[in-house]
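Asker:
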Amino acid sequence: MALLWAIGVAQFFASCVAATPYYTVVAPDVVRPNSDYDVAITMVGTSQPVTVTLDVGGNRDSGGFYSENTFVSVEPYITRIAKLNIKDIGPGSYNLTVRGDSTFTFLNSTALKFMQKSRSVLIQSDKAIYKPGHKVHFRVLVLTSHLKPSDLSSIDIYMKDGDGNRVKEWNRVEPVRGVYSDELELSTQPVLGDWEIVVKASGQEFTKQFTVAEYVLPKFEVTVEVPPHVTFKDSKFPVTVRAKYTYGRPVKGEATISMYPRFVSDVLQPVYDPPVHKVIKIDGKGTTEFDAVADLSLNEDYERQILFDVVVKEDLTGREQNSTSSLWVHRHKYKLELDKTSEFFKPGLKYTAFLRLVHHDGIPVTDKTNKIKVRYGYSYDENEYVEEQYPVSDNGVIELNFYPPVNATTLGIEGEYLDVKEWFSTVSPAVSPSNSFIQAILRTRDPMVNEDVEIEVNSTSELTHLTYQVLGRGDVILANSVQVPRGERTARFRFLATSLMAPTAHLVVQYISPEGEVIADGLDIELAGALQNYVKIDAYPNDVEPGASVGITVESKPNSYVGLMGIDQSVILLKKGNDITEENVLDELRTYDSTPGKLKIRGSGVDVERRRRRSLRRANYALRRSRRSLFWWPGSFTAKETFNKAGAVILTNALVHEHTPWLYYRGGFPDMMLEEAMVPMSAVNSVGAPGMSQEPIRVRSEFPESWIWEAFDTGYQGKHTVSKAVPDTITSWVITGFSLDSVYGL
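Counted the way mature numbering (1 follows the signal peptide of the UniProt record, and there is no 0) counts, the sequence shown spans residues -18 to -1, 1 to 728.
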């Protein structure tokens, strides 16, 4: 077996020695201060190792020249990663330059974009809204791109009032274990409005906004329940109003419900029709019925959004609290939608799309009798289209596989079900001078950090080798070469997903054709488990009397720094946005990506990237049951665009096709360690039965809006318990926390 393998390898290299030698260098298209810059280098068709010298350098805007270089030896058909440690550079004009040695002489250079972003700063305050005289508590987390505590020695902080005046500065303060905490007591007559906490770190500026206002905390919460969708033919629906105090008791009172259509137009002056009003009694809950079409005299001309304003007036005190809701009136009960796996198809390779038949709320349509008609074709002549019929699946999703010929100029798709007929925007072909293409497909369902990801690559031509790079958070994390048995047009490989690739890993796969053209494709892979630390919060007992003690146990990685916060739920009802959430952290990680955030289609104004994300979220449940894999990528028109979308540059002596057509598109265009624990600790004052000994009457005087604000270390056991006395407010308290560790990060 070993002998046969050795002969096979020898034959492979012997057949490649006579070929034209090629080099490919793939690197991030941005350079950042105080960070690593990783470059992937591959040699194809060489007979011996080549020493490649890499240099990142250029002129600083502030004056002076910067240069950082290294070298690496690269064997034939092997990919190596070279690391350059970029110092504290400032804005300037920088280039990546690569040089070969005497065995393979080449010199190439490309411009890089400078991006100041090299650290993350997250700001937390104990509330999102304050009254005059209140104390503002805040924490600043200074982190690396790995979400670990930064080694930055000092930061500058200042606070601005609603008029933009600086009211206090904290200059050159030192974070401890990546965290700095402080406070500011507001005056009794401050400037009202939106205030800002501003943090400056390593040339970057981060802000957090909070509001200073005179307000009264809502004592009860109002929710409005309406069906999200109705039709013109079936327009009657119930409206349910619920009202409860923050400590859970129902509210007795009167609810006034106002219903009116929303009018949106950039040209016409809205025609005002008075709202339809109904008044009902509630005891924690009340229900009435509306008819959108009859009550509002709607015409069946186009879909309409109907808005609801509800005001609940409490019987006991006359206090009022409001809420809003909305629904849509549609022409049909269901809809057909097409989820494309790519905005471009590769001629000669299978193209997959998913047709969904669902109600407007996303619930699949169940129908064992009628079928869905699909018409498609590879030209603009609809008379040449082919019609196929599909039964309605249990989950409402139909997998459509198309096999466009090599000369296909477009892919048009049309769907029809009963009285619903949809023409979907066409799919355009990718372009290659040699008409050669590869297609990368994600074969791993629900990829996660610390697990293998499997990729399948299909090609229109025979393969001998492939090279791939994985970029995450603006850097090359992994690169490798894959040998493919001769004559094969399909290859598979695996790689371990790491936290540095999350939340979005950008995969680029390529090979060099015999004609000397770079044939490439790419994927965006959404990875779960980006946050490697965790925090678990338990409070006991859950229901207590005012002034009683509550035990709070926090578990996390050993020796982690934990920041704990407890806040009155009434404050959250008034305004949110003060806390650090998982969504905040993932959004922050995405700012390291230099990939284009959106692809504007000429003449349509459609934000393809946002549409793609919405489509993936919406189809996630059904598609998991209907497909083995789906590659998350809007597709690339050319090989050059593949690298651009991954946030990479490529330097090579092969052809990287770049083409700008006159028209891109025809037709219309666990895991979390920031756990939010709802702890319904209702501090209810109990009255004893007659004859029972009574405790001395205690006058309740502690009514804070913010209850817990402290930090501690979890120790070597990874657990810490605190005991806190519950304030006198009859409410529910929400306890949240974050955990920060030098090894596992946030």
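Here a beta-carbon is modelled for each residue, glycine too, at the ideal position from N, C-alpha and C.
Can you tell me which of the three DSSP states residue 18 falls into?
Answerer: Looking at residue 18 - three-state DSSP - the assignment turns out to be strand.
Asker: Exposed or buried, residue 44, counting other C-beta atoms within 10 Å across all chains shown (16 or more means buried)?
Answerer: By the 10 Å Cβ count, residue 44 comes out exposed.
Asker: Helix, strand or coil for residue 35? Go by DSSP, reduced to three states.
Answerer: Here residue 35 sits in strand by DSSP.
Asker: List the residues that DSSP assigns as beta-bridge partners of residue 119.
Answerer: Answer is 165.
Asker: Only counting the same chain, and skipping five residues up and downstream in sequence, which positions put a Cβ closer than 7 Å to that of residue 209?
Answerer: So the list reads 219 and 309, once near-sequence residues are dropped.
Asker: Excluding the 5 residues flanking residue 62 on each side, which residues of the same chain have their C-beta closer than 6 Å to its C-beta?
Answerer: Excluding residues within five positions, the ones whose Cβ falls inside 6 Å are 23, 54 and 56.
Asker: I'd like the span of the alpha helix (DSSP H) that includes residue 554, first residue to last.
Answerer: Here the alpha helix (DSSP H) through residue 554 covers 551 to 556.
Asker: DSSP three-state call for residue 309: helix, strand or coil?
Answerer: Reduced to three states, the DSSP call for residue 309 is strand.
Asker: Return helix, strand or coil for residue 624, following the three-state DSSP convention.
Answerer: DSSP places residue 624 in helix when its eight states are reduced to three.
Asker: Roughly how many whole angstroms lie between the Cα atoms of residue 288 and residue 274?
Answerer: Using only the alpha carbons, I get a separation of about 8 Å.
Asker: Do residue 40 and residue 17 count as a contact pair if the criterion is CB distance below 8 Å?
Answerer: Result no, Cβ atoms of residue 17 and residue 40 do not sit closer than 8 Å.
Asker: Taking residue 500 as the reference, give the member of 476, 541, 334 and 445 with the closest Cα.
Answerer: Selected option, being the one with the closest Cα: 445.
Asker: Return the chain-ordered list of same chain residues with a C-beta closer than 8 Å to the C-beta of residue 161, the five sequence neighbours on each side being excluded.
Answerer: Hits under 8 Å: 121, 122, 123, 124, 131, 543, 545, 693 and 722.
Asker: Apart from the five residues on each side of it in sequence, which residues of its chain come closer than 6 Å, Cβ to Cβ, to residue 224?
Answerer: For residue 224, where only same-chain residues beyond five positions count, the Cβ hits under 6 Å are 205 and 267.
Asker: Do you know offhand how far residue 176's Cα is from residue 110's?
Answerer: The alpha-carbon atoms of residue 176 and residue 110 are separated by roughly 10 Å.
Asker: Using the Cβ count rule (16 or more neighbours within 10 Å means buried), how would you classify residue 165?
Answerer: Under this definition residue 165 is an exposed residue.
Asker: Could you say which of 422, 296, 303 and 426 lies nearest to residue 438 if we only look at CA atoms?
Answerer: For the residues 422, 296, 303 and 426, the minimum Cα distance to residue 438 belongs to 422.
Asker: If you compare alpha carbons, which of 461, 390 and 340 is closest to residue 358?
Answerer: The shortest C-alpha separation from residue 358 is found at 390.
Asker: What number of angstroms, rounded off, separates the C-alpha of residue 461 from the C-alpha of residue 419?
Answerer: If I take the Cα positions, the gap works out to 21 Å.
Asker: So is residue 429 buried or exposed if we call it buried at 16+ other beta carbons inside 10 Å?
Answerer: Buried.
Asker: Apart from the five residues just before and just after residue 6, which ones in its own chain have a Cβ nearer than 6 Å to its Cβ?
Answerer: Counting only Cβ-Cβ distances below 6 Å, and skipping sequence neighbours, we find 24 and 634.
Asker: Exposed or buried, what is residue 331 when buried is set at 16 or more other beta-carbons lying within 10 Å of its beta-carbon?
Answerer: That one is buried.
Asker: Relative to the C-alpha of residue 472, which candidate in 186, 530, 486 and 447 has its C-alpha closest?
Answerer: Measuring from the Cα of residue 472, the nearest candidate turns out to be 447.
Asker: Do three or more CB pairs link the segment 357 to 374 to the segment 300 to 319 at distances below 8 Å?
Answerer: Result no; under three Cβ-Cβ pairs closer than 8 Å.
Asker: Would you give the residue range spanned by the beta strand (DSSP E) that residue 223 belongs to?
Answerer: Residue 223 -> beta strand (DSSP E) spans 218 to 227.
Asker: Mapping DSSP to helix, strand and coil, what is residue 9?
Answerer: Note: residue 9 maps to strand in three-state DSSP.
Asker: Can you look up residue 375 in the DSSP assignment and give me helix, strand or coil?
Answerer: Correct three-state label for residue 375: coil.
Asker: Quick check on DSSP: helix, strand or coil for residue 296?
Answerer: Note: residue 296 maps to strand in three-state DSSP.
Asker: Leaving aside the five residues before and after residue 170 along the sequence, list all residues of the same chain whose C-beta is less than 7 Å from its C-beta, in chain order.
Answerer: If we look at residue 170 and ignore the five residues flanking it on each side, its Cβ neighbours are 114 and 115.
Asker: If you draw a straight line from the C-alpha of residue 33 to the C-alpha of residue 424, how long is it?
Answerer: If I take the Cα positions, the gap works out to 34 Å.
Asker: Short of 6 Å in beta carbon distance, which residues of its chain neighbour residue 72, apart from the five on each side in sequence? Order them along the chain.
Answerer: Around residue 72: 42 and 44.
Asker: Under three-state DSSP, which class holds residue 470?
Answerer: Three-state DSSP puts residue 470 in coil, outside helix and strand.
Asker: Quick one: grab the DSSP three-state call for residue 440.
Answerer: Strand, per DSSP.
Asker: Using 8 Å as the threshold, is the segment 142 to 149 in touch with the segment 74 to 89, meaning 3 or more CB pairs across them?
Answerer: The answer is no - the segment 74 to 89 does not touch the segment 142 to 149, with fewer than three Cβ pairs under 8 Å.
Asker: Go to residue 275, then tell me how far its beta strand (DSSP E) extends in each direction, as first and last residue.
Answerer: No beta strand (DSSP E) contains residue 275, which is instead part of the alpha helix (DSSP H) from 274 to 278.
Asker: Enumerated in chain order, which unbroken segments of the beta strand (DSSP E) with a length of 3 residues or greater are wholly contained in the segment 388 to 463?
Answerer: Here the runs fully enclosed are 393 to 399, 402 to 411, 420 to 424, 434 to 441 and 447 to 454.
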